[in-house]
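Colleague: Each step along the sequence shown adds one to the number in the UniProt record's numbering, with nothing skipped, and position 38 is 38.
Note that beta-carbon positions come from the ideal geometry of N, C-alpha and C, so glycine has one too.
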Amino acid sequence: LSVAPELARAQILRACAHQYREGDVMHWWHPGQNGAPDQGVRTRISDDLLWLPYALCEYLDQTGDRSLLNEQVEFLVSNVLAEGERERYEEPARSEERAAVLEHALRAADRVLDQGFGVHGLALMGTGDWNDGMDLVGAGGSGE
(Lines of atoms letter the chains of each structure in order from A and count residues from 1; the text may use other names and numbers.)
(Lines give C-alpha, C1' and ligand atoms only; values in the text may rest on other atoms or scores of the structure.)
Protein backbone atom coordinates (compact mmCIF):
# COMPACT_ATOMS: atom_id res chain seq x y z
CA LEU A 1 0.00 0.00 0.00
CA SER A 2 2.76 2.46 0.86
CA VAL A 3 4.54 1.71 -2.43
CA ALA A 4 1.60 1.83 -4.86
CA PRO A 5 -1.58 3.23 -3.28
CA GLU A 6 -3.21 3.49 -6.71
CA LEU A 7 -3.11 -0.31 -6.99
CA ALA A 8 -4.79 -0.66 -3.60
CA ARG A 9 -7.44 1.87 -4.63
CA ALA A 10 -8.12 -0.03 -7.86
CA GLN A 11 -8.38 -3.34 -5.99
CA ILE A 12 -10.84 -1.88 -3.47
CA LEU A 13 -13.03 -0.68 -6.36
CA ARG A 14 -12.70 -4.10 -8.02
CA ALA A 15 -13.75 -5.81 -4.78
CA CYS A 16 -16.79 -3.52 -4.50
CA ALA A 17 -17.77 -4.48 -8.04
CA HIS A 18 -17.75 -8.14 -6.95
CA GLN A 19 -20.15 -7.66 -4.07
CA TYR A 20 -23.80 -8.73 -4.15
CA ARG A 21 -26.58 -6.36 -3.13
CA GLU A 22 -27.11 -8.50 -0.02
CA GLY A 23 -23.59 -7.66 1.18
CA ASP A 24 -21.82 -10.95 0.53
CA VAL A 25 -18.96 -11.05 -1.96
CA MET A 26 -17.49 -13.36 -4.57
CA HIS A 27 -14.84 -15.58 -3.01
CA TRP A 28 -12.86 -15.40 -6.26
CA TRP A 29 -13.57 -14.54 -9.87
CA HIS A 30 -12.29 -14.74 -13.43
CA PRO A 31 -12.50 -11.47 -15.36
CA GLY A 32 -14.67 -11.77 -18.45
CA GLN A 33 -12.91 -11.66 -21.79
CA ASN A 34 -13.92 -9.55 -24.80
CA GLY A 35 -16.82 -7.91 -22.99
CA ALA A 36 -18.15 -11.12 -21.41
CA PRO A 37 -19.31 -10.91 -17.78
CA ASP A 38 -17.04 -12.02 -14.97
CA GLN A 39 -17.52 -15.52 -13.56
CA GLY A 40 -16.87 -16.48 -9.98
CA VAL A 41 -17.94 -18.25 -6.82
CA ARG A 42 -20.64 -17.10 -4.42
CA THR A 43 -20.04 -18.71 -1.02
CA ARG A 44 -20.81 -18.51 2.68
CA ILE A 45 -17.15 -17.92 3.57
CA SER A 46 -17.01 -15.13 6.13
CA ASP A 47 -13.48 -13.75 6.01
CA ASP A 48 -14.04 -12.51 2.44
CA LEU A 49 -16.63 -10.14 3.85
CA LEU A 50 -14.16 -8.45 6.14
CA TRP A 51 -11.46 -7.82 3.55
CA LEU A 52 -13.23 -4.78 2.08
CA PRO A 53 -13.82 -2.84 5.33
CA TYR A 54 -10.32 -3.72 6.54
CA ALA A 55 -8.60 -2.76 3.28
CA LEU A 56 -10.62 0.45 3.07
CA CYS A 57 -9.63 1.48 6.62
CA GLU A 58 -5.96 0.74 5.92
CA TYR A 59 -6.12 2.68 2.65
CA LEU A 60 -7.73 5.71 4.30
CA ASP A 61 -5.30 5.61 7.22
CA GLN A 62 -2.23 5.47 5.00
CA THR A 63 -3.29 7.78 2.16
CA GLY A 64 -5.85 10.17 3.63
CA ASP A 65 -7.68 9.87 0.28
CA ARG A 66 -11.27 10.15 1.49
CA SER A 67 -12.54 10.68 -2.07
CA LEU A 68 -12.60 6.89 -2.45
CA LEU A 69 -15.47 6.70 0.05
CA ASN A 70 -17.83 8.41 -2.40
CA GLU A 71 -16.89 6.50 -5.57
CA GLN A 72 -20.01 4.85 -6.95
CA VAL A 73 -19.81 1.14 -7.80
CA GLU A 74 -22.48 -1.31 -8.96
CA PHE A 75 -23.40 -4.59 -7.27
CA LEU A 76 -23.74 -8.15 -8.54
CA VAL A 77 -27.18 -9.71 -8.83
CA SER A 78 -28.07 -13.40 -8.56
CA ASN A 79 -30.24 -15.67 -6.45
CA VAL A 80 -29.01 -15.94 -2.87
CA LEU A 81 -27.57 -19.31 -1.92
CA ALA A 82 -30.33 -21.74 -1.05
CA GLU A 83 -30.56 -23.49 2.31
CA GLY A 84 -27.78 -26.11 2.35
CA GLU A 85 -26.09 -24.67 -0.75
CA ARG A 86 -22.46 -24.07 0.22
CA GLU A 87 -21.26 -22.34 -2.94
CA ARG A 88 -22.14 -21.71 -6.56
CA TYR A 89 -19.94 -20.96 -9.58
CA GLU A 90 -21.84 -18.43 -11.64
CA GLU A 91 -21.91 -15.55 -14.06
CA PRO A 92 -24.01 -12.99 -12.19
CA ALA A 93 -25.55 -9.89 -13.71
CA ARG A 94 -24.57 -6.34 -12.76
CA SER A 95 -27.23 -4.34 -10.96
CA GLU A 96 -28.55 -0.99 -12.04
CA GLU A 97 -28.08 0.05 -8.41
CA ARG A 98 -24.82 1.76 -7.56
CA ALA A 99 -23.59 2.76 -4.12
CA ALA A 100 -20.66 4.57 -2.58
CA VAL A 101 -17.63 2.51 -1.55
CA LEU A 102 -18.49 3.35 2.06
CA GLU A 103 -21.93 1.73 1.60
CA HIS A 104 -20.28 -1.37 0.11
CA ALA A 105 -18.03 -1.67 3.17
CA LEU A 106 -20.97 -1.17 5.53
CA ARG A 107 -23.04 -3.85 3.78
CA ALA A 108 -20.16 -6.31 4.14
CA ALA A 109 -19.76 -5.50 7.84
CA ASP A 110 -23.51 -5.73 8.40
CA ARG A 111 -23.52 -9.16 6.75
CA VAL A 112 -20.91 -10.39 9.25
CA LEU A 113 -22.90 -8.95 12.16
CA ASP A 114 -26.12 -10.51 10.85
CA GLN A 115 -24.47 -13.94 10.73
CA GLY A 116 -24.06 -13.73 14.48
CA PHE A 117 -21.54 -14.74 17.07
CA GLY A 118 -20.66 -18.00 18.76
CA VAL A 119 -20.54 -19.00 22.40
CA HIS A 120 -17.10 -17.38 22.81
CA GLY A 121 -18.21 -14.06 21.36
CA LEU A 122 -16.36 -14.55 18.08
CA ALA A 123 -17.94 -14.02 14.67
CA LEU A 124 -19.27 -17.19 13.07
CA MET A 125 -17.03 -18.47 10.28
CA GLY A 126 -19.53 -19.68 7.74
CA THR A 127 -18.15 -22.35 5.42
CA GLY A 128 -14.57 -21.22 5.17
CA ASP A 129 -11.65 -19.07 6.17
CA TRP A 130 -8.35 -17.92 4.67
CA ASN A 131 -6.85 -20.99 6.35
CA ASP A 132 -8.21 -23.76 4.12
CA GLY A 133 -7.72 -26.26 6.93
CA MET A 134 -10.52 -24.46 8.76
CA ASP A 135 -13.04 -24.82 5.91
CA LEU A 136 -16.34 -26.30 7.03
CA VAL A 137 -15.67 -25.49 10.70
CA GLY A 138 -18.74 -23.29 10.65
CA ALA A 139 -20.79 -25.16 8.04
CA GLY A 140 -23.22 -26.30 10.74
CA GLY A 141 -23.76 -22.74 11.88
CA SER A 142 -21.73 -22.78 15.09
CA GLY A 143 -18.00 -22.58 14.23
CA GLU A 144 -16.14 -19.46 15.36
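1. I'd like the span of the alpha helix (DSSP H) that includes PRO19, first residue to last.
2. Which residue marks the beginning of the alpha helix (DSSP H) containing THR127, and which one marks its end?
3. Applying the 10 Å Cβ sphere with the 16-neighbour rule, what's the burial state of GLY116?
4. Between ASP24 and HIS30, is the Cβ-Cβ spacing less than 9 angstroms?
5. Between the C-alpha atoms of HIS18 and ALA99, what's the straight-line distance to the nearest angstrom?
6. Apart from the five residues on each side of it in sequence, which residues of its chain come closer than 6 angstroms, Cβ to Cβ, to ALA15?
Modeller: This is what the structure holds:
1. It should be noted that the sequence gives Gln, not Pro, for residue 19. No alpha helix (DSSP H) holds GLN19; DSSP gives it neither H nor E.
2. Premise fails: THR127 is in no alpha helix (DSSP H) and is neither H nor E.
3. GLY116 comes out exposed.
4. No, the Cβ-Cβ distance between ASP24 and HIS30 is not below 9 angstroms.
5. Distance between the alpha carbons of HIS18 and ALA99: 13 angstroms.
6. Apart from sequence neighbours up to five positions away, the residues of its chain that approach ALA15 with a beta-carbon distance below 6 angstroms are LEU52, ordered along the chain.
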